[in-house]
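Below is one structure, written out as structure tokens; the observations come after it.
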Amino acid sequence: MCGIVGYVGPRPSQDILLAGLARLEYRGYDSAGVAVIDGDGSLGMRKKAGKLAMLRDSLKDAALPDGNTGIGHTRWATHGGPTDENAHPHLADDDKLALIHNGIIENFASLRDELLADGVSFRSETDTEVAAALLGREYRNNGGDLQGAFRAVVNRLEGAFTLLAMHEEHPGLVVGARRNSPLVIGLGEGENFLGSDVAAFIEHTRKALAIGQDQIVSITPDAVTVTDFAGTPVEAEPFDVSWDAAAAEKGGWSSFMAKEVAEQPEAVANTIRGRIQGDQVIIPELDGLDELFIGINRIIITACGTAAYSALVGKYAIEQWARLPVDVELAHEFRYRDPVIGDDTLVVSISQSGETMDTLMAVKYASERGARTLSICNTQGATIPRESDAVVYTHAGPEVAVASTKAFSAQITALLLLGLHMGRVRGAIEDASVDVAELSALPEKIAKVLESEQEHVTQLAGWMADTRSVLFLGRHVGFPIALEGALKLKEISYIHAEGFAAGELKHGPIALIEPGQPVFVLVPSPRHSALVHSKVVSNIQEIRARGARVIVVAEEGDAAVLPFADEVIRIPLAGAMFEPLLAVVPLQIFAMALATAKGLDVDQPRNLAKSVTVE
Ligand code: F6R
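Counting along the sequence shown from 1, when you hit position 572 you're at 580 in my numbering, and nothing is skipped either side.
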């Protein structure tokens with residue numbers, strides 16, 4: 009939610025800021041703005057409602073004088089609609105000071121009243137302008153000490169925030185702070201960067217510093233200083249960024265989503281790499297951390313959205329291999345009740361961004377109650393892994409499209425690895441060789457689905473472009489995939505879609521079936537369980553009898569589905585726990601092709617932002 013970039017160095021900053029914003033636009037795209045301190049030491053600012061392209065066009069029409077110090081922002085609206093006035097940066101101190109913000113300042117109303125009483129007037133409806141005005145007033149009162157004023161302001165703010173600010177009286181200095189909201193530092197040669205995540209600066213440097221909670225950073229071209237909110241210097245943690253800049257570019261693809269769907273074999277292979285030894289799964293990051301898995305009696309997996317659907321697949325795998333009960337909890341529900349957790353509980357969080365506020369808060373809640381915590385995350389330097397006792401990274405590479413695809417596959421892969429690792433450590437698995445072979449074969453099988461079904465599914469979506477509702481049914485590990493198929497369709501094609509456990513059909517959802525209603529049915533292999541397979545085939549017959557248009561996803565050679573299916577999408581044979589990684593692919597392609605057929609922007613669907621850093 010909201011992308012933030014800052015630059016100080018010898019180069020003109022505007023292009024660097026705009027390129028950084030382009031790579032962060034997935035975080036929010038309802039308005040964008042930049043502020044620059046030009047060569048004469050005066051601050052210029054431009055901001056525009058709409059996507060980044062609107063800002064670019066405006067700068068093309070009337071350029072801002074450029075300079076070497078700048079900040080940029082791409083917004084996902086919280087306080088105040090997506091207008092030019094509400095876009096960031098916000099200015100204060102006679103427009104000499106600019107400030108950008110990600111998050112929500114919870115006490116903004118009382119601060120605004122205080123400032124209004126002091127004669128300050130506001131141009132926007134945002135909480136951010138309140139922070140800017142507060143900083144302007146503090147700066148004037150303290151005699152022009154930007155860092156001191158900034159420290160005083162962040163100590164008065166409640167809520168979650170990343171703030172960057174600069175003042176024209178201090179060219180070559182950008183100050184930043186974070187509380188429960190992301191910010192990382194990029195270290196260049198004679199130049200430094202700030203970004204919501206490393207995508208903001210990977211084009212320029214792979215050297216980064218992670219900043220902890222409640223810390224303040226000042227960057228100049230030659231120095232980076234990090235302190236806590238009291239001003240005491242702290243050591244920031246260095247890391248090398250493993251993503252490369254090209255991975256965050258669209259290349260020749262029609263959309264980031266198309267590229268990311270196609271990258272799934274690689275995302276899965278990279279997530280497995282280095283974690284299989286012989287016929288065992290050994291995750292090196294968990295070396296020496298066996299105590300995380302011994303002496304626990306339950307696991308809670310917590311996440312939101314697509315990540316939570318990967319967790320549902322993980323539940324089946326971990327219960328089977330590690331023989332521990334696993335509950336899956338939506339992070340935003342988990343901490344608002346009084347869950348029974350303690351030091352006998354392992355709380356596994358899953359997050360592509362590593363910044364989802366609900367998930368972060370669930371991890372903190374679990375830690376405070378003595379639970380052991382492990383995160384599965386795709387983003388280095390992110391907050392959730394830093395707040396966890398251990399981390400297993402997915403290596404999907406940067407995911408830019410708002411709808412998660414390759415990160416989902418990598419999350420399931422990491423959960424399968426975790427289940428096999430845990431099962432070994434707990435002595436619950438005697439022989440993992442078959443499962444390890446299944447894991448290793450996954451990338452090739454996913455590639456096969458991509459190759460064999462792309463055209464067929466795209467054609468199917470084209471025929472269904474006018475469809476108003478699609479249902480998805482699955483059983484066992486097919487159920488989370490039904491949920492994911494429905495979510496993908498909803499979020500990018502704006503079509504009503506629901507995923508159901510096939511067994512629930514007769515308990516209500518079958519009432520939705522009318523002639524012509526499209527229903528995707530994920531059919532589990534009969535080789536895994538003839539009984540479960542036959543139950544799903546019965547479900548197909550039931551909906552078919554009521555006129556549904558049945559689209560079946562079934563393994564190659566499963567002939568039992570043929571008499572009842574209008575369309576059959578084939579996936580290669582795989583073990584029960586591995587099938588979801590194959591079955592999800594046609595559903596992703598379907599959602600993408602349908603949205604494209606409707607002329608929609610698949611990468612930036614309306615109302616959504618990729619990284620949900622507010623509650
Ligand atoms: C859907 C989607 C979201 C995210 C969810 C969690 O396509 O991308 O549902 O899965 O917002 O995000 P992360 O994984 O970053 O915590």
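Idealized CB from N, CA, C, for every residue including glycine. Quantities reported herein were computed from a predicted structural model and do not represent experimental measurements.
If you draw a straight line from the Cα of lysine 543 to the Cα of alanine 208, it is about 50 angstroms long.
When rounded, the separation of the alpha-carbon atoms in glutamate 575 and glutamine 549 is 14 angstroms.
One thing to note: glycine 427 has its Cβ within 7 angstroms of the Cβ of alanine 330. Between the ligand F6R and the CB of glycine 493, the shortest heavy atom gap is not smaller than 6 angstroms. DSSP places arginine 145 within a helical segment (H, G or I) once states are collapsed to three. For threonine 310, the distance from the CB to the nearest heavy atom of the ligand F6R is not below 6 angstroms. CA-to-CA, the gap between glycine 378 and valine 355 works out to about 10 angstroms.
Between the ligand F6R and the CB of alanine 374, the shortest heavy atom gap is not smaller than 6 angstroms. In the structure shown, the three-state DSSP call for histidine 81 is strand. Under DSSP, the beta-bridge partners assigned to valine 561 are Leu530, Ile577. Per DSSP, aspartate 69 is one residue of the alpha helix (DSSP H) stretching across 60 to 69.
Leaving aside the five residues that flank alanine 617 on each side, the residues in its chain whose CB is nearer than 8 angstroms to its CB run, in chain order, Met9, Cys10, Tyr34, Arg35, Gly36, Tyr37, Trp84, Val410. In the displayed model, asparagine 200 falls within a strand according to three-state DSSP.
Distance between asparagine 94 and serine 477, taken at the CA atoms: about 36 angstroms. When secondary structure is reduced to three states using DSSP, glycine 111 falls in the strand class. The alpha carbon of serine 21 has as its nearest neighbour, out of Lys104, Ile79, Gly151, Ser262, the alpha carbon of Ile79. Taken in chain order, the complete beta strand (DSSP E) segments of 3 or more residues contained in the stretch 402 to 472 number zero; there are none. One alpha carbon belongs to glycine 89, the other to phenylalanine 301, and they sit about 47 angstroms apart.
If only uninterrupted beta strand (DSSP E) runs of at least 3 residues are considered, those enclosed by the stretch 481 to 509 are 504 to 509. With respect to the 7 angstroms criterion, glycine 41 and proline 97 are classified as neighbours on the basis of their beta carbons. Here the stretch 130 to 143 does not lie against the stretch 191 to 207, with fewer than 3 beta-carbon pairs under 8 angstroms apart.
Residue side-chain check: threonine 364 places its Cβ nearer than 6 angstroms to a non-hydrogen atom of the ligand F6R. Not a single heavy atom of the ligand F6R lies less than 6 angstroms from the C-beta of glycine 11.
In this structure, alanine 390 has its beta carbon at no less than 6 angstroms from each heavy atom of the ligand F6R. Contact between the stretch 391 to 409 and the stretch 256 to 270 is established, with three or more Cβ pairs separated by less than 8 angstroms. Beta bridge pairing from DSSP links histidine 175 with Leu105.
Counting every other CB atom within 10 Å of its CB across the protein chains shown gives valine 442 a total below 16, marking it as exposed. The three-state secondary structure of glutamine 223, taken from DSSP, is strand.
The beta carbon of glycine 239 lies closer than 6 angstroms to those of Arg159 in the same chain, with the five residues before and after it left out. In the DSSP assignment, tyrosine 15 falls outside any alpha helix (DSSP H) and within the unbroken beta strand (DSSP E) covering 11 to 16. It is roughly 23 angstroms from the alpha-carbon of isoleucine 384 to the alpha-carbon of glutamate 499.
The C-alpha of threonine 466 lies about 37 angstroms from the C-alpha of leucine 25. Judged by DSSP secondary structure, lysine 323 falls within the alpha helix (DSSP H) whose first and last residues are 313 to 330. Each residue's CA atom was taken as its position, placing alanine 374 and arginine 394 some 14 angstroms apart.
The beta carbon of valine 269 sits no closer than 6 angstroms to any heavy atom of the ligand F6R. Restricted to the stretch 233 to 295, the alpha helix (DSSP H) segments that are unbroken, complete and at least 4 residues in length are 264 to 270, 272 to 280, listed in chain order.
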